[in-house]
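A.B. asks: Got a structure for you, questions after.
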Amino acid sequence: MKCPYCGNDDTRVIDSRPAEDGNSIRRRRSCDTCGKRFTTYEKVETIPLIIIKKDNSREQYDRAKIEGGVLRACYKRQVSAADIQRTIDSIETDIFSREEKEIPSSIIGEIVMERLKELDAVAYVRFASVYREFKDVDTFMAELKKILG
1 MKCPYCGNDD TRVIDSRPAE DGNSIRRRRS CDTCGKRFTT YEKVETIPLI IIKKDNSREQ
61 YDRAKIEGGV LRACYKRQVS AADIQRTIDS IETDIFSREE KEIPSSIIGE IVMERLKELD
121 AVAYVRFASV YREFKDVDTF MAELKKILG
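Numbering (UniProt numbering), first residue to last: 1 to 149.
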């Protein structure tokens, strides 16, 4: 790591510990040439994931969109915030474990519905009704029968 003060390439790590966000490592370093100390943060570099939408347009993966959909589905349900976060983490883990650079939004939608079905049946039906664009009561009832049957 290059020293920000003198530009020397030879620096030593004095201390390493997890950063407050839990997703990176905080390292205290010392320059062997000028003796000054500085802090660096090390984070795993992830490959940007591209989502292929229904209209074939592409956009970068955004966790907030999944969070929004799951939160709307769970609105006024007796599902704890911790369970919701675990579900979102599980969805994200499933998406990234596929190790693909591009993934269709339809696959993400199916993963979300699968996890919501395990979390809360009403949240699942809410999400499915929007995701599958239920046109009438018959379509809605058919989905309910799948859950109950």
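For every residue, glycine included, the Cβ atom is placed at its ideal position computed from N, Cα and C. What you are looking at is a predicted structure, and each value in this text was computed from that prediction instead of being measured.
Where does LYS147 land, buried or exposed, given buried means 16+ other C-beta within 10 angstroms?
C.D. replies: By 1-based counting over the sequence shown, the position of residue 147 is 147. Going by the sequence as given, residue 147 is Ile instead of Lys. ILE147 is exposed by the Cβ-count criterion.
A.B. asks: From the DSSP output, which residues share a beta bridge with PRO48?
C.D. replies: Locating residue 48 in the sequence shown gives position 48, where the first residue counts as 1. BP columns for PRO48 are empty, so no partner.
A.B. asks: Would CYS6 be called buried (16 or more neighbouring beta carbons within 10 Å of its own) or exposed?
C.D. replies: Within the sequence shown, residue 6 is the residue found at index 6, counting from 1. Result: exposed.
A.B. asks: Under DSSP, the beta strand (DSSP E) around ASP138 begins and ends at which residues?
C.D. replies: Residue numbering aside, residue 138 sits at position 138 when the sequence shown is read from its first letter. It is not in any beta strand (DSSP E) - ASP138 instead sits in the alpha helix (DSSP H) that spans 137-148.
A.B. asks: Do the stretch 82-93 and the stretch 125-136 touch if we need at least three Cβ pairs shorter than 8 Å?
C.D. replies: Cβ pair count under 8 Å is below three, so no.
A.B. asks: Alpha carbon to alpha carbon, how far is ALA82 from ARG37? Give it in angstroms, no decimals.
C.D. replies: If you number the sequence shown from 1, residue 37 lands on position 37. If you number the sequence shown from 1, residue 82 lands on position 82. Spanning the two alpha carbons is a distance of roughly 39 Å.
A.B. asks: Use the C-beta contact count for TYR124: other C-beta atoms within 10 angstroms, 16 or more gives buried, fewer gives exposed.
C.D. replies: On the sequence shown, position 124 is the one that residue 124 refers to. Classification of TYR124: buried, given that the 10 Å Cβ count is 16 or more.
A.B. asks: Does the separation of the CB atoms of LEU144 and ILE103 fall below 9 Å?
C.D. replies: The sequence position of residue 144 within the sequence shown is 144, counting from 1. The sequence position of residue 103 within the sequence shown is 103, counting from 1. No. Outside cutoff.
A.B. asks: Does the Cβ of ALA128 have 16 or more other Cβ atoms within 10 Å, making it buried, or fewer, making it exposed?
C.D. replies: Position 128 of the sequence shown, counted from the first residue, corresponds to residue 128. The residue is buried, with at least 16 neighbouring Cβ atoms inside 10 Å.
A.B. asks: Considering just the uninterrupted stretch of the beta strand (DSSP E) at TYR41, what are its terminal residues?
C.D. replies: In the sequence shown, residue 41 corresponds to position 41, counting from 1. Where TYR41 is concerned, the enclosing beta strand (DSSP E) stretches over 37-43.
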